[in-house]
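Asks: Just passing along the structure, written as structure tokens.
There are 2 protein chains.
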Amino acid sequence: MLLDTLTEHYGFVFEAPLLKEIAQYGQLKKVAAGMQLMDIGAPITQMPLLLSGAIKILREDEKGDELLLYFIERGDTCAMSFSCCMGGAKSEIRAVAETDSEMIMVPVSQMEKWMFTYKSWQQFILDSYQARMKELLQTVDTLAFLRMDDRLLKHLQDKAKVTGDDHIHATHQEIAYDLHTSRVVISRLLKKLENEGKISLHRNDITVIDL
Amino acid sequence: MLLDTLTEHYGFVFEAPLLKEIAQYGQLKKVAAGMQLMDIGAPITQMPLLLSGAIKILREDEKGDELLLYFIERGDTCAMSFSCCMGGAKSEIRAVAETDSEMIMVPVSQMEKWMFTYKSWQQFILDSYQARMKELLQTVDTLAFLRMDDRLLKHLQDKAKVTGDDHIHATHQEIAYDLHTSRVVISRLLKKLENEGKISLHRNDITVIDL
DNA sequence: ATCTGTTGGTAACTCTTGTTACAGAGGGAG
DNA sequence: CTCCCTCTGTAACAAGAGTTACCAACAGAT
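Residue numbers (this note's numbering), protein chains in the order written: chain S, 9 to 219; chain P, 9 to 219.
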């Protein structure tokens with residue numbers, strides 16, 4: 009039952025009446041890994057509360073070049089979608105399921121109401137903004153202060169963390185897209201990391217040793 | 009009088025009773041250009057509403073390397089300071105007055121109350137988060153997708169915009185700090201931009217032609 | 001087994017950025 | 001004016017990252 013699942017994941021965040029309302033107005037959505045949930049420029053009408061799995065958030069420039077911003081995990085939401093809803097704005101980012109995921113989609117109309125009626129909801133939204141802000145700052149730090157080899161290792165560690173698996177199933181090309189570089193560079197640096205004993209390489213499988 | 013100044017800058021954002029409350033509890037603060045307003049790791053107890061001038065927001069890594077994130081202008085606030093206040097968290101960023109500036113400092117106790125009593129305040133806070141998020145995304149785009157010469161030109165244009173002056177009074181070293189690179193690189197690229205007719209160089213003064 | 005498309009390894013080269021070193025220009029203090 | 005310090009220009013070199021090209025290894029299909 010929806011309310012049970014909800015209580016399991018958000019019981020410590022929201023009070024009972026709010027949980028009930030969310031269960032009432034929310035809609036369960038299951039997505040398979042790799043599925044796109046939202047695109048840049050798309051209008052936003054609902055807000056996801058993640059129950060399980062992980063979502064990766066991407067940015068794209070005019071030329072179509074991509075960059076991974078961060079992952080959203082269980083118990084999180086995409087705060088940006090909130091104000092977007094409220095203001096009727098378009099999405100600034102793209103969201104793709106990193107693993108099979110479950111979430112509850114909440115319609116914008118209720119969100120606005122809850123903002124005034126439930127202190128816990130208000131707090132949740134503000135905390136979410138704060139958390140996302142912090143992650144974006146992390147991303148900026150990574151881009152500004154780290155070299156590609158460290159960015160790569162960090163990416164592999166992050167990926168292992170959100171999937172809960174130290175075996176990463178991804179091609180060098182896919183990793184290159186996430187870090188906005190070329191496949192050759194990734195292959196080169198992966199080999200270097202392997203020589204340093206931090207990972208081991210197999211076809212379609214990178215094992216992160218240095219977690 | 010404080011209320012008049014406040015109404016002038018925020019009259020279209022907040023309703024009259026809220027303006028009055030802000031005037032009552034807020035404190036006017038004037039700072040000179042170059043003065044540091046907040047440091048990384050410092051506790052936050054007040055939130056600024058900017059009346060005039062501009063504040064630059066910086067990020068720093070463990071080694072003390074800096075990076076300019078964005079500018080805050082008139083009519084804006086530092087949304088991050090809001091949740092920091094609420095959660096009693098430490099600042100993630102450093103804030104330095106880019107120009108002489110005036111702001112109203114609002115104590116945290118009132119902010120919480122207004123969140124429930126004034127819809128316009130709630131909207132203001134959410135809009136502010138959204139705006140800051142958008143600026144951070146801009147920063148990420150700049151770092152990820154632009155080369156240093158374009159970053160430099162963009163920086164000069166931004167700086168000209170927030171100061172309202174196409175003459176930029178800064179040494180090459182200062183610019184290098186903001187962009188997290190070395191003075192030599194900046195001198196080199198500035199000369200290149202001058203040859204391309206986009207700026208003109210003088211001692212302690214860069215004139216932006218291509219605005 | 002053979003063919004084919006995908007994935008990964010590597011070399012060679014270019015371009016951008018960072019580093020070191022040094023010299024000259026400008027401006028203020030004495 | 002002279003001294004001294006800061007600011008700027010430039011050269012030469014090093015390192016990191018991007019690009020192109022090519023080949024080998026592998027997996028699935030026929």
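Beta carbons: idealized from backbone N, C-alpha and C, even for Gly. Note that this is a predicted model, so its numbers are computed, not measured.
#1: Taking 9 Å as the CB-CB limit, is Ala-18(P) close to chain S?
#2: Across which residues does DSSP place Gln-44(S) in a beta bridge pair?
#3: Listing by chain order, which chain S residues have their CB less than 7 Å from the CB of Glu-134(P)?
#4: Which runs of the alpha helix (DSSP H) fall wholly inside the segment 157–201 of chain S and span at least 4 residues, in chain order?
#5: On the CB-based measure, 16 or more other CB atoms within 10 Å of its CB, does Pro-56(S) come out buried or exposed?
#6: Is Ile-112(P) helix, strand or coil when you go by DSSP?
#7: With 16 as the cutoff for other CB atoms within 10 Å, does Ser-208(P) come out buried or exposed?
#8: So, does the segment 58–77 of chain P touch the segment 89–102 of chain P, judging by three or more C-beta pairs under 8 Å?
#9: Around the Cβ of Leu-219(S), are there at least 16 other Cβ atoms within 10 angstroms (buried) or fewer (exposed)?
#10: Need the endpoints of the alpha helix (DSSP H) that Val-216(S) sits in, please.
#11: Taking 9 Å as the CB-CB cut-off, is Tyr-222(S) touching chain P?
#12: Would you mind working out which of Val-114(P), Lys-142(P), Leu-201(P) sits nearest Leu-14(P), comparing C-alpha positions?
#13: Are the beta-carbon atoms belonging to Glu-106(S) and Phe-79(S) less than 9 Å from one another?
#14: Where does Thr-55(P) fall in DSSP's three states?
#15: Going by DSSP in three states, Phe-79(P) sits in which element: helix, strand or coil?
#16: Counting only the same chain and skipping the five closest in sequence on each side, list residues whose C-beta sits under 8 Å from that of Thr-189(S).
#17: Closest Cβ-Cβ distance between Lys-71(P) and chain S: below 9 Å?
#18: Using beta-carbon positions only, say whether Thr-163(P) and Ile-183(P) come within less than 9 Å of one another.
#19: Got a sec, what are the start and stop residues for the alpha helix (DSSP H) Ser-128(S) sits in?
#20: Would the segment 135–147 of chain S and the segment 82–99 of chain P be scored as touching if the rule is three or more Cβ pairs under 8 Å?
#21: For the segment 190–209 of chain S against the segment 36–46 of chain P, are there 3 or more C-beta pairs whose distance is under 8 Å?
Replies: The structure says:
#1: Per the sequence shown, residue 18(P) should be read as Tyr rather than Ala. Closer than 9 Å: no.
#2: Val-104(S)
#3: This sequence places Leu at residue 134(P); Glu is not what is there. Near Leu-134(P) (Cβ distances below 7 Å), the residues of chain S are Ser-91, Met-94.
#4: The qualifying runs are 180–187.
#5: buried
#6: strand
#7: exposed
#8: Taking 8 Å as the limit for Cβ pairs, the verdict is that the segment 89–102 of chain P does touch the segment 58–77 of chain P.
#9: exposed
#10: First-last for Val-216(S): 213–216, but that is the beta strand (DSSP E), not the alpha helix (DSSP H).
#11: For chain S, the structure presents residues 9 to 219; residue 222(S) sits outside this window and is missing.
#12: Val-114(P)
#13: yes
#14: According to the sequence shown, residue 55(P) is Met rather than Thr. Looking at Met-55(P) - three-state DSSP - the assignment turns out to be strand.
#15: strand
#16: The beta carbon of Thr-189(S) lies closer than 8 Å to those of Met-156 in the same chain, with the five residues before and after it left out.
#17: yes
#18: Thr is not the amino acid found at residue 163(P); the sequence shown has His there. Their beta carbons are under 9 Å apart, which means His-163(P) touches Ile-183(P) by this criterion.
#19: For Ser-128(S), the enclosing alpha helix (DSSP H) has its first and last residue at 127–153.
#20: yes
#21: no
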